[in-house]
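Asker: The structure that follows is given in the form of structure tokens.
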Amino acid sequence: RKEVEQDPGPFNVPEGATVAFNCTYSNSASQSFFWYRQDCRKEPKLLMSVYSSGNEDGRFTAQLNRASQYISLLIRDSKLSDSATYLCVVNNYGQNFVFGPGTRLSVLP
Amino acid sequence: DVKVTQSSRYLVKRTGEKVFLECVQDMDHENMFWYRQDPGLGLRLIYFSYDVKMKEKGDIPEGYSVSREKKERFSLILESASTNQTSMYLCATWDRVGQPQHFGDGTRLSIL
């Protein structure tokens, strides 16, 4: 079993749709959690950190369920510019960061 | 804002050459990382450094070495480039637990 798993997609959704991505991790001692977005041929950029109580940033909502070892990202009112690959990243201990394979999103006009 | 600068966006080298990739950060972060990213394989850690002159092997260190003589600069060295090292190389920095990594723009390296 991989340490961090994501549905690779692609998710093809119309503009204005709500879309949710899931991520599961295997290490119960994992400490910190993040969502990054990566555009084609570009570097990953931090979208948001994920906190135990859940957090929201505009149209984006992240949730963490430590008991189920599960992280989610919800995007409301999708825009064309949201088309990208979304990476789930887990920090287990110290400098150990584990990246999921990414979920590809295409928002269609 | 953290600024992580990689020396080249695109680089073409020949098999057998010694290749240097440079990464510079301006935020005084202790930790710096080198990854490569390939289609279908995701990000894989090559080396990281937690202090000046300190380094640790990552998951795929073979064929690579690193240098950290100053806190702000972390260099990746391909001792004798081979075609299977054609990839996107990403440098990242990290401050402390609870904080995310910050990435440079990446270097697309082609070995011919």
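Heads up: the sequence lines are chains S and H, in that order.
For our numbering, add 7 to where a residue sits in the first sequence, where the first one is 1.
For our numbering, add 1 to where a residue sits in the second sequence, where the first one is 1.
For glycine and all other residues, C-beta sits at the position ideal for the given N, C-alpha and C.
No experiment lies behind these values; they were computed from the predicted model shown.
What span of residues does the beta strand (DSSP E) with T31 (chain S) cover, start to end?
Answerer: V26 to Y32 is the span of the beta strand (DSSP E), which, as asked, contains T31 (chain S).
Asker: Use the C-beta contact count for M28 (chain H): other C-beta atoms within 10 angstroms, 16 or more gives buried, fewer gives exposed.
Answerer: The residue is exposed, with fewer than 16 neighbouring Cβ atoms inside 10 Å.
Asker: When burial is assigned at 16 or more other CB atoms within 10 Å of the CB, is C47 (chain S) buried or exposed?
Answerer: Classification for C47 (chain S): exposed.
Asker: Are any of the Cβ atoms in chain S nearer than 8 Å to that of N85 (chain H)?
Answerer: By this cut-off, N85 (chain H) is not an interface position.
Asker: At which residues does the beta strand (DSSP E) containing K19 (chain H) begin and terminate?
Answerer: Premise fails: K19 (chain H) is in no beta strand (DSSP E) and is neither H nor E.
Asker: Leaving out the 5 sequence neighbours to the left and right, which residues in its chain are closer than 6 Å to V2 (chain S) when beta-carbon positions are compared?
Answerer: Outside the displayed range of chain S (8 to 116) lies residue 2 (chain S), so it cannot be described from this structure.
Asker: Between W95 (chain H) and chain S, is the shortest Cβ-Cβ distance under 8 Å, so that the two count as touching?
Answerer: Yes, W95 (chain H) counts as interfacial toward chain S.
Asker: In whole angstroms, what is the alpha-carbon distance linking A120 (chain S) and F40 (chain S)?
Answerer: Coverage of chain S is limited to positions 8 through 116, which leaves residue 120 (chain S) absent and any answer about it impossible.
Asker: Nearest by alpha-carbon distance to S83 (chain H): which of H:Y48, H:L113, H:L44 and H:H30 is it?
Answerer: When only C-alpha atoms are compared, the closest one is H:L113.
Asker: Please say whether M33 (chain H) and R10 (chain H) have beta carbons closer to each other than 8 Å?
Answerer: Contact: no.
Asker: Using the beta-carbon of each residue, which ones in chain S are nearer than 7 Å to L44 (chain H)?
Answerer: Those within 7 Å of L44 (chain H) in chain S are F106.
Asker: Between the region 82-91 of chain S and the region 56-76 of chain H, do at least 3 Cβ pairs fall closer than 8 Å?
Answerer: Segments in contact, no.
Asker: Under the DSSP definition of a beta bridge, which residues are partnered with D52 (chain H)?
Answerer: Partner(s): H:M55.
Asker: Looking at the structure shown, is D14 (chain S) part of a helix, part of a strand, or coil, going by DSSP?
Answerer: Note: D14 (chain S) maps to coil in three-state DSSP.
Asker: M89 (chain H) and Q26 (chain H) - do their beta-carbons sit closer together than 8 Å?
Answerer: Cβ distance not < 8 Å, so Q26 (chain H) and M89 (chain H) don't count as in contact.
Asker: Which residues in chain H sit within 7 Å of Q70 (chain S), going by Cβ to Cβ distance?
Answerer: Under the 7 Å cutoff, chain H gives no residues; its nearest Cβ is about 17 Å from Q70 (chain S).
Asker: Tell me, which residues are paired with C92 (chain H) by DSSP?
Answerer: H:W35, per the DSSP bridge assignment.
Asker: Assuming L12 (chain H) and L110 (chain H) make a contact with CB atoms under 8 Å, what is their CB distance in whole Å?
Answerer: Their Cβ separation, rounded to whole angstroms, is 5 Å, which keeps L12 (chain H) and L110 (chain H) in contact under 8 Å.
Asker: Taking the alpha carbon of C30 (chain S) as the point to measure from, which residue in S:A36, S:P51, S:N19 and S:S75 has its own alpha carbon closest?
Answerer: Looking at the Cα atoms, S:S75 is the closest of the given residues.
Asker: How long is the line joining the alpha carbons of P116 (chain S) and P17 (chain S), rounded to whole angstroms?
Answerer: Between P116 (chain S) and P17 (chain S), the C-alpha separation is close to 16 Å.
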